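*Asks:* The numbering used here applies: residue 18 is where the sequence shown begins, and numbers increase by one. To start, I am sharing the structure in question, which I have written as structure tokens.
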Amino acid sequence: MVKFAHVSEFHLGYMQYNLPIRLQDFGDAAKHCIEKIIEEKVDFIIHTGDIFHHYHPRIIALRQAHAILNELKKNNIPVFIIRGNHDASTAYSLRVGGHSLNYLQDIGLVNFLQDTYADFPTPDGTVRIWGLGYYGKQTKRKLEEMLSKRKDKMDYEILLLHAFLKGMDLPDSVVDLDPYSFVNSEFDYIGVGHYHLKWQNEEINAYCPGSTERLKIDEWDKKKGFYIVELENDDLRAEFMEIPTREMRDTTINVGTVEVSEAFEKAKIEIEKNDIEDAILRFVIEGFLTKGRSYEFPSAKLLNVPKKALYVIEIRNNLSDKTTETKIKEITKRDAIKIALTELGVDEKNLDKLIDAVEKIMYELVDERDATGAIRVIDELLGEKQI
Ligand SMILES: [Mn+2]
Numbered sequence: 018m019v020k021f022a023h024v025s026e027f028h029l030g031y032m033q034y035n036l037p038i039r040l041q042d043f044g045d046a047a048k049h050c051i052e053k054i055i056e057e058k059v060d061f062i063i064h065t066g067d068i069f070h071h072y073h074p075r076i077i078a079l080r081q082a083h084a085i086l087n088e089l090k091k092n093n094i095p096v097f098i099i100r101g102n103h104d105a106s107t108a109y110s111l112r113v114g115g116h117s118l119n120y121l122q123d124i125g126l127v128n129f130l131q132d133t134y135a136d137f138p139t140p141d142g143t144v145r146i147w148g149l150g151y152y153g154k155q156t157k158r159k160l161e162e163m164l165s166k167r168k169d170k171m172d173y174e175i176l177l178l179h180a181f182l183k184g185m186d187l188p189d190s191v192v193d194l195d196p197y198s199f200v201n202s203e204f205d206y207i208g209v210g211h212y213h214l215k216w217q218n219e220e221i222n223a224y225c226p227g228s229t230e231r232l233k234i235d236e237w238d239k240k241k242g243f244y245i246v247e248l249e250n251d252d253l254r255a256e257f258m259e260i261p262t263r264e265m266r267d268t269t270i271n272v273g274t275v276e277v278s279e280a281f282e283k284a285k286i287e288i289e290k291n292d293i294e295d296a297i298l299r300f301v302i303e304g305f306l307t308k309g310r311s312y313e314f315p316s317a318k319l320l321n322v323p324k325k326a327l328y329v330i331e332i333r334n335n336l337s338d339k340t341t342e343t344k345i346k347e348i349t350k351r352d353a354i355k356i357a358l359t360e361l362g363v364d365e366k367n368l369d370k371l372i373d374a375v376e377k378i379m380y381e382l383v384d385e386r387d388a389t390g391a392i393r394v395i396d397e398l399l400g401e402k403q404i
């Protein structure tokens with residue numbers, strides 16, 4: 018049996034929201050993976066790209082990578098990596114004479130697969146690991162080029178890619194590759210990077226663990242981690258291992274149909290209720306305004322409402338103005354009533370009062386969906402006995 022771990026997308030060095038603590042979070046997430054992987058006693062690790070967030074990694078990112086990879090080295094666990102789009106571009110690294118992954122290889126911490134393969138012997142047979150870097154729209158051509166060198170099949174064959182794949186029902190799928198080329202190529206395992214959300218397709222043995230920390234608030238409710246994979250002859254067992262990450266929460270607050278001041282108070286109460294310790298939060302305020310305009314809603318004042326949270330990304334104002342539309346209608350309505358009453362020969366001195374009354378009746382009939390409000394208005398009107 019061959020046992021390995023598949024990780025991807027550490028994005029070390031990403032200082033999300035300009036918070037230094039997020040640099041630490043991305044490092045911690047990678048560290049949590051490595052600790053669990055060491056416990057699992059795997060034969061080796063594959064990493065499918067974007068170890069680093071930048072072409073020129075911050076020193077802290079290099080330190081984190083060094084600490085993690087060194088721990089693996091001490092435990093005799095080899096690491097096979099490929100180049101993600103964040104790690105480096107081929108053109109750039111050729112011009113300047115190498116990149117961060119070359120450096121990790123130079124200091125003996127990784128096996129960097131630069132569009133080629135490496136063989137890993139196990140008691141159960143030899144594992145051949147093919148690794149293709151990120152090539153965007155050129156991926157298919159580059160993959161065919163690399164696989165044209167493929168002759169005799171090894172006991173186990175693994176393919177590493179950093180690309181969006183074609184024709185699969187996947188999240189945020191931008192299309193580059195024909196999935197059938199994989200089926201024909203009969204890999205025991207296809208490790209995919211580039212996506213930050215986890216997915217798997219057992220039909221073609223393709224697995225994508227996603228990122229180990231959340232790069233977007235949209236990922237707030239998604240699990241983060243990596244795969245532990247066991248290959249035995251034609252059998253494949255892949256188990257997703259979850260790791261702890263910083264909590265993120267995206268909360269939508271519906272304030273209903275209210276005035277601006279009431280919308281603010283309602284939103285404030287909900288935000289207080291959803292203030293989570295050390296979490297990263299976003300709030301989306303929805304609803305309709307009966308009075309005032311959505312731009313009058315003081316979103317910025319709500320940013321400081323959460324006291325326990327680490328950071329509030331945004332108070333998004335998705336309120337809709339009912340007033341704009343209503344006001345135009347009211348003017349038109351009032352003019353129409355005025356014309357109608359004048360045509361009926363209503364006395365000039367009662368005109369405004371009658372227009373008010375008709376408008377009120379119409380309003381009651383529209384908004385209450387029954388006649389009680391309208392009848393009340395008529396009663397009041399008749400009670401005055403002035404017309
Ligand atoms: Mn990535």
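Every residue, glycine too, gets a C-beta built ideally from N, C-alpha and C. Keep in mind it's a predicted model, so treat the numbers as computed, not measured.
Any residues whose CB sits closer than 5 angstroms to a heavy atom of ligand 1? List them in chain order?
*Replies:* Those satisfying the condition are, in chain order, Glu-26 and Asp-67.
*Asks:* At a Cβ threshold of 9 angstroms, is Gln-217 touching chain D?
*Replies:* In the structure shown, chain D cannot be found, because there is only a single protein chain.
*Asks:* Using the C-alpha atoms, what's the distance from Glu-381 back to Glu-458?
*Replies:* Since the displayed the chain opens at 18 and closes at 404, residue 458 lies outside it and no answer follows.
*Asks:* What first and last residue would you give for the beta strand (DSSP E) that runs through Met-265?
*Replies:* Numbered from 1 along the sequence shown, position 248 holds the residue referred to as residue 265. That run of the beta strand (DSSP E) goes 265 to 276.
*Asks:* So what does DSSP say about Glu-294, is it helix, strand or coil?
*Replies:* Stepping through the sequence shown from its first residue, residue 294 is reached at position 277. Looking at Glu-294 - three-state DSSP - the assignment turns out to be coil, as it is neither helix nor strand.
*Asks:* Which runs of the beta strand (DSSP E), 3 residues or longer, sit entirely within the region 120 to 165?
*Replies:* Counting only runs of 3 or more, we get 133 to 139 and 142 to 148.
*Asks:* Assuming Lys-240 and Lys-215 make a contact with CB atoms under 8 angstroms, what is their CB distance in whole Å?
*Replies:* Within the sequence shown, numbered from 1, the residue matching residue 240 stands at position 223. Within the sequence shown, numbered from 1, the residue matching residue 215 stands at position 198. Going by Cβ atoms, the distance from Lys-240 to Lys-215 rounds to 7 angstroms, so yes, they are a contact pair.
*Asks:* Checking 9 angstroms against the spacing of the C-beta atoms, do Ile-309 and His-211 come in under that value?
*Replies:* For the purposes of this step, residue 309 is identified with residue 292 of the sequence shown, where counting begins at 1. For the purposes of this step, residue 211 is identified with residue 194 of the sequence shown, where counting begins at 1. A small correction: the amino acid at residue 309 is Gly; Ile does not occupy that position in the sequence shown. Cβ atoms of Gly-309 and His-211: not closer than 9 angstroms.
*Asks:* List, from N- to C-terminal side, the beta strand (DSSP E) runs of 3 residues or more that fit wholly inside the region 298 to 362.
*Replies:* Counting whole runs of 3 or more residues, the region 298 to 362 contains the beta strand (DSSP E) stretches 328 to 338.
*Asks:* Would the region 298 to 315 and the region 272 to 285 be scored as touching if the rule is three or more Cβ pairs under 8 angstroms?
*Replies:* As far as the Cβ criterion goes, the region 298 to 315 touches the region 272 to 285, which means the pair count is three or higher.
*Asks:* As a quick exercise: from Gly-115, Thr-229 and Glu-88, pick the residue whose alpha carbon is nearest that of Arg-27.
*Replies:* Within the sequence shown, the letter at position 10 stands for residue 27. According to the sequence provided, residue 27 is Phe. The question's Arg does not apply to it. Taking only the C-alpha atoms, the option nearest Phe-27 is Thr-229.
*Asks:* Would Phe-257 and Cys-50 be called neighbours here (beta carbons separated by less than 9 angstroms)?
*Replies:* To locate residue 257, count along the sequence shown from 1; it is residue 240. To locate residue 50, count along the sequence shown from 1; it is residue 33. Taking 9 angstroms as the Cβ cut-off, Phe-257 and Cys-50 do not qualify as a contacting pair.
*Asks:* Report yes or no: do three or more beta-carbon pairs, one from the region 147 to 160 and one from the region 118 to 136, lie closer than 8 angstroms?
*Replies:* They touch, by the three-pair rule.
*Asks:* Looking only at its own chain, which residues have a Cβ that is under 6 angstroms from the Cβ of Val-144, when we skip the five neighbours before and after it?
*Replies:* In the sequence shown, residue 144 corresponds to position 127, counting from 1. Excluding sequence neighbours, Val-144 sits near Val-19, Phe-137 and Tyr-173.
*Asks:* Since Ile-63 sits in a beta bridge, which residues does DSSP pair it with?
*Replies:* In the sequence shown, counting from the first residue as 1, residue 63 sits at position 46. Ile-63 is bridged to His-23 and Phe-97.
*Asks:* With distances taken between CB atoms, is the gap from Phe-129 to Ile-62 smaller than 9 angstroms?
*Replies:* Taking the first residue of the sequence shown as position 1, residue 129 is located at position 112. Taking the first residue of the sequence shown as position 1, residue 62 is located at position 45. Not a contact, by the Cβ cut-off of 9 angstroms.
*Asks:* Taking the straight line between their C-alpha atoms, what separation do you get for Ile-124 and Ser-117?
*Replies:* The residue labelled residue 124 in the question sits at position 107 within the sequence shown. The residue labelled residue 117 in the question sits at position 100 within the sequence shown. Rounded to the nearest angstrom, the two C-alpha atoms are 11 angstroms apart.
*Asks:* Whose CA, out of Leu-89, Asn-92 and Phe-69, lies closest to the CA of Asn-102?
*Replies:* Within the sequence shown, numbered from 1, the residue matching residue 102 stands at position 85. Comparing Cα positions, the closest option is Phe-69.
*Asks:* Distance, Cα to Cα, Gly-362 vs Phe-314?
*Replies:* Walking along the sequence shown from the start, residue 362 turns up at place 345. Walking along the sequence shown from the start, residue 314 turns up at place 297. If I take the Cα positions, the gap works out to 45 angstroms.
*Asks:* Nearest to Leu-45 by alpha carbon, out of Ile-85, Pro-74 and Ile-76?
*Replies:* The residue labelled residue 45 in the question sits at position 28 within the sequence shown. Correcting the residue type first, residue 45 is Asp in the shown sequence and not Leu. Ranking Ile-85, Pro-74 and Ile-76 by Cα distance to Asp-45 puts Ile-85 first.
*Asks:* Measuring alpha carbon to alpha carbon, tell me which of Glu-236, Ser-106 and Ile-330 ends up nearest Gln-155.
*Replies:* Taking the first residue of the sequence shown as 1, we reach residue 155 at position 138. The shortest C-alpha separation from Gln-155 is found at Ser-106.
*Asks:* What three-state label does DSSP hand Ile-260 in the structure shown?
*Replies:* As a position in the sequence shown, residue 260 is number 243, starting the count at 1. If DSSP states are grouped into helix, strand and coil, Ile-260 belongs with coil.
*Asks:* Got a sec, what are the start and stop residues for the beta strand (DSSP E) Gly-210 sits in?
*Replies:* For this step, residue 210 is matched to residue 193 along the sequence shown. Where Gly-210 is concerned, the enclosing beta strand (DSSP E) stretches over 206 to 210.
*Asks:* Three-state secondary structure (DSSP) at His-103?
*Replies:* Reading the sequence shown from its first residue, position 86 is the one you call residue 103. His-103 falls in the coil class under three-state DSSP.
*Asks:* Spell out the partners DSSP gives Glu-247 in its beta bridges.
*Replies:* Indexing the sequence shown from 1 puts residue 247 at position 230. According to DSSP, which records beta bridges pairwise, Glu-247 is partnered with Lys-20 and Arg-254.
*Asks:* Ile-76 to Glu-279, Cα distance in whole Å?
*Replies:* Numbered from its first residue, the sequence shown carries residue 76 at position 59. Numbered from its first residue, the sequence shown carries residue 279 at position 262. Cα-Cα distance, rounded: 49 angstroms.
*Asks:* Considering only the alpha carbon of each residue, which of Lys-283, Leu-164, Glu-289 and Ile-293 lies closest to Phe-204?
*Replies:* To locate residue 204, count along the sequence shown from 1; it is residue 187. Comparing Cα-Cα distances from Phe-204 to each of Lys-283, Leu-164, Glu-289 and Ile-293, the minimum goes to Leu-164.
*Asks:* Take Lys-285 and list the residues in its own chain whose beta-carbon comes closer than 7 angstroms to its own, dropping the five residues that flank it on each side.
*Replies:* Numbered from its first residue, the sequence shown carries residue 285 at position 268. Answer for Lys-285: Leu-319 and Val-322, listed in chain order.
*Asks:* Rounded to whole angstroms, how far is the Cβ of Ile-354 from the Cβ of Val-375, which I believe are closer than 8 angstroms?
*Replies:* One-based indexing of the sequence shown puts residue 354 at position 337. One-based indexing of the sequence shown puts residue 375 at position 358. Indeed they touch by this definition, with Cβ atoms about 5 angstroms apart.
*Asks:* Does the Cβ of Ile-392 have 16 or more other Cβ atoms within 10 Å, making it buried, or fewer, making it exposed?
*Replies:* Position 375 of the sequence shown holds residue 392. Burial call: exposed.
*Asks:* Consult DSSP for His-179 and reduce its assignment to one of helix, strand or coil.
*Replies:* By one-based count along the sequence shown, residue 179 stands at place 162. Reduced to three states, the DSSP call for His-179 is strand.
*Asks:* Compare the beta carbon distance of Arg-263 and Asp-295 with 9 angstroms and say whether it is the shorter of the two.
*Replies:* Looking up residue 263 in the sequence shown gives position 246. Looking up residue 295 in the sequence shown gives position 278. Yes, the pair counts as a contact, with Cβ atoms nearer than the cut-off.
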